[in-house]
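In our numbering, the protein residues as written are 2 to 480.
Glycine included, each C-beta is placed from N, C-alpha and C at the ideal position.
Please read the structure below before turning to the comments.
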Ligand SMILES: [Zn+2]
């Protein structure tokens with residue numbers, strides 16, 4: 002423990018000395034727009050900003066910048082989801098950034114993975130060439146090693162769109178304003194603070210010349226929001242054998258050992274009738290069907306999901322949601338009205354627990370809707386089309402027997418922070434870590450407010466605590 006106390010003192014001093022500089026760095030990063038705009042996104046300037054920062058202390062050979070299509074075969078991977086409502090996603094000019102601080106064990110070639118890296122020009126860190134999935138020897142048993150050889154701090158660069166300029170505190174969404182211990186701006190909490198924290202943790206080890214036995218990575222991926230996840234999948238395929246990762250989504254420093262899943266769905270109603278204003282034939286009307294479907298969704302949310310007991314790691318009052326986002330038919334203003342429409346749709350978000358499969362989630366909902374709607378004549382021999390708009394994000398569960406968990410507890414203990422391991426009621430890319438690679442993951446991020454909303458902000462004290470947790474945990478795992 003003494004060692005840990007010593008590094009803690011160094012860390013505290015280092016953070017005190019650099020506090021203003023780091024806050025400024027985060028503010029600048031938040032001021033750079035890096036929105037996820039399906040089917041594309043403009044993460045590049047944010048990734049360049051991080052690249053310019055890390056290239057001052059990490060050698061070029063250990064900085065891997067790559068696009069999703071540099072990972073050859075990724076589009077054939079079962080988890081790759083390349084479309085949004087039948088539109089192909091655009092990945093040109095949207096680089097991932099993965100940076101490595103090399104450990105002292107890595108004088109031989111086995112730096113990046115447990116693969117045979119004598120073929121390493123196929124791999125990430127020599128900058129050239131394509132990574133072939135055939136070289137990826139992911140151990141699907143996910144057996145836990147006693148000794149952790151590599152560690153990763155993971156975050157995403159994309160943010161939800163900035164929206165309007167009506168932010169009450171800062172006026173504009175990209176201010177990076179610091180006020181009352183909080184830093185404001187779209188993406189501040191979700192998740193530029195968490196992402197940057199990983200790179201700062203690397204800088205600490207480098208600045209103070211702490212030598213670790215294994216490699217420590219910091220990464221900033223693209224396209225996580227809106228059910229993206231392809232950026233995470235690309236990073237995992239390219240660096241498949243990292244032992245453990247802290248994914249720094251905002252958790253208020255709770256230790257996220259379970260996450261929920263979910264997906265956006267679309268219900269479409271298409272009528273066979275001609276629509277219009279005919280008085281001599283019956284006009285089937287999608288508006289009536291859609292309103293009944295909306296009521297069935299409301300009932301599923303209130304009568305089914307609200308009564309499901311959450312798994313033990315979640316707060317007892319936590320519950321899954323079905324949120325209806327949009328109902329559309331016949332236009333959106335008077336000028337567009339004036340005839341019975343022929344089609345319409347509803348978009349909704351549906352959540353699930355980590356033990357529920359995609360198939361099960363859909364079947365449960367559809368069976369409920371069929372039953373609910375069967376009382377209406379309209380639905381006697383009709384059922385609408387229901388489809389995913391985005392990928393199905395699975396929930397995730399951390400293996401608590403992983404040795405990194407002990408190191409995390411030690412870090413919280415030294416920092417005198419309450420160690421609260423719990424389920425996080427957010428859907429995210431955590432599940433892709435174990436499904437695609439050999440990397441176990443836990444979600445720990447700073448305290449934030451209004452994620453995806455107006456006046457999104459991150460608490461700076463908790464951001465500094467996160468950097469400390471990252472450093473102490475990785476140090477304890479790799480010392
Ligand atoms: Zn996020």
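{"query": "By Cβ distance, which residues of its chain are closer than 7 angstroms to residue 163, with the 5 residues on each side in sequence left out?", "result": "34, 36, 174, 175, 187"}
{"query": "Please classify residue 48: is it buried, with 16 or more other beta-carbons within 10 angstroms of its beta-carbon, or exposed?", "result": "buried"}
{"query": "Who are the near neighbours of residue 359 in its chain, counting only those whose CB is closer than 6 angstroms to its CB and skipping five residues on each side?", "result": "393"}
{"query": "Comparing the CB of residue 225 with every heavy atom of ligand 1, is any distance shorter than 7 angstroms?", "result": "yes"}
{"query": "What does residue 458 pair with, by DSSP beta-bridge criteria?", "result": "185, 450"}
{"query": "Just to check, is the beta-carbon of residue 250 closer than 7 angstroms to a non-hydrogen atom of ligand 1?", "result": "yes"}
{"query": "Can you tell me whether residue 324 is buried or exposed, with buried defined as 16 or more other CB within 10 angstroms of its CB?", "result": "exposed"}
{"query": "Measuring CB to CB, does residue 234 end up less than 8 angstroms from residue 433?", "result": "yes"}
{"query": "Would the beta-carbon of residue 191 be found less than 7 angstroms away from any heavy atom of ligand 1?", "result": "yes"}
{"query": "Starting from residue 379, trace the beta strand (DSSP E) both ways and give me its first and last residue.", "result": "Counting along the chain, residue 379 falls outside any beta strand (DSSP E), and DSSP gives it neither H nor E."}
{"query": "Measure the C-alpha to C-alpha separation of residue 216 and residue 478 and round it to an integer number of angstroms.", "result": "11 angstroms"}
{"query": "Which runs of the alpha helix (DSSP H), 4 residues or longer, sit entirely within the segment 155-202?", "result": "none"}
{"query": "Straight-line CA distance for residue 54 to residue 64?", "result": "11 angstroms"}
{"query": "State the DSSP-derived secondary structure class of residue 472, mapped to helix, strand or coil.", "result": "helix"}
{"query": "Does the beta-carbon distance from residue 398 to residue 384 come in below 8 angstroms?", "result": "no"}
{"query": "Can you tell me where the beta strand (DSSP E) with residue 327 in it begins and where it stops?", "result": "323-330"}
{"query": "Among the residues of its own chain, which have a CB less than 6 angstroms from the CB of residue 1, if the five just before and after it don't count?", "result": "Past the boundaries of the shown model lies residue 1; the chain is included only from 2 to 480, so the question cannot be answered."}
{"query": "Would you report the Cα separation of residue 387 and residue 90, rounded to the nearest angstrom?", "result": "21 angstroms"}
{"query": "What residue ranges within the segment 13-95 form continuous beta strand (DSSP E) runs of no fewer than 3 residues, ordered along the chain?", "result": "64-67"}
{"query": "Does any heavy atom of ligand 1 sit closer than 7 angstroms to the C-beta of residue 397?", "result": "no"}
{"query": "Provide the residue span of the alpha helix (DSSP H) that contains residue 432, from first to last.", "result": "431-437"}
{"query": "Can you confirm whether the segment 178-186 touches the segment 259-277 when touching is taken to mean that 3 or more C-beta pairs between the two stretches lie within less than 8 angstroms?", "result": "no"}
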